[in-house]
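Structure record follows, encoded as structure tokens.
Residue numbers (UniProt numbering): 1 to 95.
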């Protein structure tokens, strides 16, 4: 489950990195627009992929991860608060 949170964190870090690169490069603001678009694309991909990984690690469908990933921080909060289905299955099997 930690891998999913790491992917989300790396997506956010990549967002700031791409924005910093775009800001520091010389040129017109129209030329820098591609960096802003790329930054949001990378961050969005990080949220979606990380949410999928978290959902699957908790025993939920990958589709739930995709849906929560599109809602970015709110979806990540929802996934974090959902109970872990795999732990319940292990406890039921042991008893």
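By construction, the Cβ of each residue, glycine as well, lies at the ideal position given by its N, Cα and C atoms. Quantities reported herein were computed from a predicted structural model and do not represent experimental measurements.
Query                                                                                                                                                                              : Result
Buried or exposed, going by whether 16 or more other CB atoms sit within 10 Å of the CB of residue 2?                                                                              : exposed
Looking only at its chain, what residues have a beta carbon closer than 7 Å to the beta carbon of residue 11, apart from the 5 residues adjacent to it on each side?               : 42, 43, 45, 46, 47 and 50
Assuming residue 79 and residue 63 make a contact with CB atoms under 8 Å, what is their CB distance in whole Å?                                                                   : Contact flag wrong, Cβ pair sits at about 13 Å.
Got a sec? Which residues, its chain only, sit under 6 Å from residue 35 by beta carbon, not counting five neighbours each side?                                                   : 18 and 22
Count the other C-beta atoms from every protein chain shown that fall within 10 angstroms of the C-beta of residue 28, then say buried if there are 16 or more, exposed otherwise. : exposed
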